[in-house]
Amino acid sequence: MDSSKSEVAGYILRIATEQWVDHVFEMAIYYTNMKRKWKSGQAILFIHKTRTGDALVGYGVVDHVAEMSALSEEDRLECERGSWKRAIEFKYVKRFEKPLLVKQTFLKGSKRHGRFVHGLQLNREEFEKIVSQAEKSPLHQKS
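Those letters in the sequence shown? Residues 0 to 142, by numbering that gives the first Met the number 0.
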């Protein structure tokens, strides 16, 4: 069996507001309650709702995940404000020059849409396919 097709390489995480999109890409941190088998090196694709629909806005590679008790005071306060329990800290994050609409990817046929895509598992092949498509996407369209 091809492990690139079956092994969980990462997840899709939804970012609720434009302010939080900026925060994730500026601070390389994502606060969540989601329980997953987070591992260093996993790839995370970020989705955000745009005027034209849900779009992939970038990705990151997990450095580590910290429970609230292990966070700095500033991050702990942020978690408390948002009722989150952990922070995913990234080795790096990359924002796509132009968001890629979900309906333009292989995900368009998925039964999971909108907020239900949050937490969707991806194998290495799926992740690489989306990133490649997003990085080749024409820049003339606005989101």
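By construction, the Cβ of each residue, glycine as well, lies at the ideal position given by its N, Cα and C atoms.
The model shown is predicted, which means the values in this text are computed figures rather than measured ones.
C-alpha distance - residue i paired with residue j, whole-angstrom precision
i, j, result
"Glu124", "Val130", "10 Å"
"Arg35", "His63", "13 Å"
"Arg50", "Asn32", "27 Å"
"Ala133", "Glu6", "22 Å"
"Lys48", "Val20", "10 Å"
"Arg94", "Glu127", "15 Å"
"Lys135", "Asn122", "20 Å"
"Gln18", "Gln103", "25 Å"
"Lys97", "Gly81", "28 Å"
Burial state of residue i (16 or more Cβ within 10 Å)
i, result
"Ala15", "exposed"
"Gln120", "exposed"
"Ala42", "buried"
Cβ shell of residue i (< 8 Å), same chain only, five flanking positions each side left out
i, result
"Val116", "Ile11, Arg13, Ile46, Asp53, Val101, Leu106 and Ser109"
"Glu66", "Lys84 and Arg85"
Sequence-distant residues of its chain with Cβ nearer than 7 Å to residue i (five each side left out)
i, result
"Val23", "Ile14, Tyr29, Phe45 and Val92"
"Trp37", "Val61, Val64 and Ile87"
DSSP beta-bridge partners of residue i
i, result
"Gln120", "Tyr10"
Hey, is the region 79-95 in contact with the region 58-67, meaning 3+ C-beta pairs nearer than 8 Å?
yes
For the region 68-79 and the region 5-16, state whether three or more C-beta atom pairs, one from each stretch, are separated by less than 8 Å.
no
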